[in-house]
Amino acid sequence: MAAVVTVQVGQCGNQVGMRVLDALMHDAGADERFFRAPRAPTRGGLSGDEPAIARAVLVDMEPKAVRDVTAAAGATGRWSYAAGRTHCEQGGSGNNWAHGYYEHGPRCAQAVTELIRAELEAAERAGGVLIYQALAGGTGSGVGAHIAATVRDEWPELAVVSGAIWPSERGDVAVQPYNVALSLAALAESADGVVLLENDSMQQLCERVLKLPRPSHDDLNRLIARHLAPLLAPSAPRADGGGGPAGGARPGAAFSLLAEPLAHLCAHPAYRLLCARLVPQTPVRSLGHTANRWTAVLRPLAQMAATDGRTEDAIDWSGAPDGGVSQPRSRALAHWLVLRGAGAREADVGSLARERLYAPWAGASPLLVSANERPLSPQDRAAVLVSNSQLVLPPLRRLATRACALFAERAYVHQYERHGMGADELAMRLAQLEQLVHSYAEL
């Protein structure tokens, strides 16, 4: 299988990347796509005698987060980061996308590129680069976007995916709308897919479903990792896609996000934004007392897809027939459904294959289904739905409204001009964001 190099950028990107790799280690063990042997490989690949080494590069403009996640990984005793695969500087990016993209990005580009190259060359076969980043600040957003563009230019044959953390809309950074808008516009050009993970949705899940009254940043990062890890762990494509061929999938192949599913989800270059929903979520106190049937997992997920629901506790069941699912209120270009647990290969996924869920031009097989009979701990049965759909529209519209309102007043534009980004380019990037909104509205 082709190796994937993880690139963790900024404080949030480093913390989330570490939690995803740790979740992968717990779920799938030392998967050779994401981990390598601690010394030169021998016949038989990875062994359990020594901690595996993550195929990862860590980047931040301040060293603390990198030190913290490196120590946390080593403390697991199961895996660690490679020595010498970090790039840190001593000054932050000041919550300014232009500072990260136009100053820090070019200054560290050669060093970071060589670190990524070293990891790619350590693999027998390279499959892609997965970048974790926040969209709101300066380093994750600006430096992260610059790294994505550099990787795309340097290795055009590789898949480039961003795991992008969408900030809370209650954030107190005045220029946050600019930073998120600039990040999305840049990533839509350089990444093959952008998996958007909304902090507000994760906060609601923690508070309302998992019953964590005051979730920490690490609680949110662990929950994000639970959504992402099943997409990176191997799963086998089913022979059906819920009513048709599974997007040309080869039965028996091992699926992971950066391979066939990415091509299925993001086949059209104007549509690169993805969302992931995981069902069920189980409070800690309920573990060991719940047993899920596939219908109890897939019906809520299908209703969420039909009504653009984001969290399990807030599903809108109005209009749903008894035992059924509502008529769709919005459309998708494509879905990828990952089933985990006993019976995953046979579960009925017809409710997610209904033609009305998809754009008229979505193709003959817009639903891709893959399965892994190993449960996704702690649930006995679980499903993750990755969607390229109008689910992204509400936050995109709010973002465009706020960013364009700021720009109409020329608010804070001087802060971006100070770091090499003129008003004309800012206007161009905002126009790209508005085009994204228009494209998804027309699905």
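According to this note's numbering, the sequence shown is numbered sequentially starting from 1457. Ideal Cβ positions, reconstructed from N, Cα and C, are used throughout, including at glycine.
Next item on the list: Could you pull out every residue in the same chain whose Cβ sits closer than 6 Å to the Cβ of residue 1579, ignoring the five residues on either side in sequence?
Entry: 1459
Margin query: So the candidates are 1753, 1759 and 1780; which of them puts its Cα closest to the Cα of residue 1794?
Written below: 1753
Margin query: So for residue 1677, helix, strand or coil by DSSP?
Written below: helix
Margin query: Using only the alpha-carbon positions, how far apart do residue 1466 and residue 1652 sit?
Written below: 17 Å
Checklist line | Contact check, residue 1688 vs residue 1513, beta carbons under 9 Å | finding: no
Next item on the list: Could you tell me the distance, in whole angstroms, from the CA atom of residue 1914 to the CA atom of residue 1718?
Entry: Residue 1914 lies beyond the residue range present for the chain, which begins at 1457 and ends at 1899; the question has no answer from this structure.
Margin query: Please identify the residue among 1749, 1899, 1819 and 1886 whose C-alpha is closest to the C-alpha of residue 1863.
Written below: 1886
Check: Out of 1558, 1592 and 1683, which has the shortest C-alpha to C-alpha gap to residue 1640?
Finding: 1592
Item checked: Alpha-carbon spacing of residue 1474 relative to residue 1809, whole angstroms -> 35 Å
Note to self: In whole angstroms, give me the CA-to-CA distance for residue 1749 and residue 1518.
What the structure shows: 47 Å
Margin query: Within the continuous alpha helix (DSSP H) that includes residue 1660, where are the two ends?
Written below: 1655-1660
Item checked: Residue from 1463, 1462, 1472 and 1661 with nearest C-alpha to residue 1678 -> 1472
Notebook entry, point to check: Can you name the start and end residues of the alpha helix (DSSP H) that residue 1771 belongs to?
Noted result: Premise fails: residue 1771 is in no alpha helix (DSSP H) and is neither H nor E.
Check: To which residues of the same chain is residue 1713 closer than 7 Å at the C-beta, ignoring the five residues directly before and after it?
Finding: 1617, 1687 and 1688
Margin query: In whole angstroms, give me the CA-to-CA distance for residue 1558 and residue 1598.
Written below: 8 Å
Note to self: When you compare the stretch 1759-1770 with the stretch 1781-1789, are there three or more beta-carbon pairs, one atom per stretch, that lie closer than 8 Å?
What the structure shows: yes
Item checked: residue 1606, DSSP secondary structure in three states -> helix
Next item on the list: Over the uninterrupted beta strand (DSSP E) stretch that includes residue 1622, give me the two end residues.
Entry: 1615-1622
Margin query: I believe residue 1901 touches residue 1572 by the beta-carbon criterion, under 8 Å. Please report the beta-carbon distance rounded to the nearest angstrom.
Written below: No information on residue 1901 is available, as it lies outside the stretch 1457 to 1899 that the chain covers here.
Checklist line | Any 3 or more C-beta pairs closer than 8 Å across the stretch 1629-1645 and the stretch 1658-1673 | finding: no
Notebook entry, point to check: Across which residues does DSSP place residue 1832 in a beta bridge pair?
Noted result: None, per the DSSP bridge assignment.
Next item on the list: Note the first and the last residue of the continuous alpha helix (DSSP H) segment covering residue 1530.
Entry: 1520-1531
Note to self: Do residue 1832 and residue 1483 have their beta-carbon atoms positioned less than 9 Å apart in this structure?
What the structure shows: yes
Check: Does the Cβ-Cβ distance between residue 1481 and residue 1534 come in under 9 Å?
Finding: yes
Notebook entry, point to check: What three-state label does DSSP hand residue 1458 in the structure shown?
Noted result: coil
Next item on the list: Report the option in 1543, 1819 and 1760 whose CA atom is closest to the CA atom of residue 1603.
Entry: 1543
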